[in-house]
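Numbering (our numbering), first residue to last: 4 to 147.
For each residue, glycine too, the CB sits at the ideal point set by N, CA and C.
Treat the numbers as computed from the prediction; the structure is a model and nothing was measured.
Here the structure comes first, spelled out in structure tokens, and everything after it is commentary.
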């Protein structure tokens, strides 16, 4: 007896796309951090000025103070996933804001905190130039 596999063409196994493999890798990294006891946060997204928050994902960071930085490092991925899940946000792509709160049922009553992007710290151009000139001249006048 022979076994019939059915009608139609045989299915070929497809390779995972780049984005799918990237998501799988990120998921493994997240699970590793979670198993190490790193604080986990639920991330939310909404249109600025609106009341309703939409769940956008979860992040784990080594320190609670680094959550704002982590959100804005992953902003593009969070935005893409959120726009795919919540088409209502597409109208206001440029006016989206992020929020977060610690993950867990004991934190469900806590308010969602708005994530604030960190300003890049650039040294004062004139001060740094002055310091360089001062250091080079002070080296000339030192007696050895």
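Open item on the list: Quick check on the burial criterion: 16 or more other C-beta atoms within 10 angstroms. Buried or exposed for residue 16?
Closed with: Looking at its Cβ environment, which holds fewer than 16 other Cβ atoms inside 10 Å, residue 16 is exposed.
TODO: In angstroms with no decimal places, state the Cα-to-Cα distance between residue 32 and residue 19.
DONE: 18 Å
Task: Alpha-carbon spacing of residue 103 relative to residue 77, whole angstroms - done: Taking C-alpha positions only, residue 103 is separated from residue 77 by approximately 13 Å.
- [ ] Can you check DSSP and say which residues form a bridge with residue 62?
- [x] 44
- [ ] Quick one: grab the DSSP three-state call for residue 33.
- [x] helix
Open item on the list: Per DSSP, what are the beta-bridge partners of residue 105 in this structure?
Closed with: 44
Task: Check whether residue 41 and residue 64 have beta carbons under 8 Å apart - done: In contact: residue 41 and residue 64 (Cβ atoms closer than 8 Å).
- [ ] Taking the CB atoms as reference points, tell me whether residue 57 and residue 81 lie closer together than 8 Å.
- [x] no
- [ ] Would you check if the distance between the CB atom of residue 30 and the CB atom of residue 46 is smaller than 8 Å?
- [x] no
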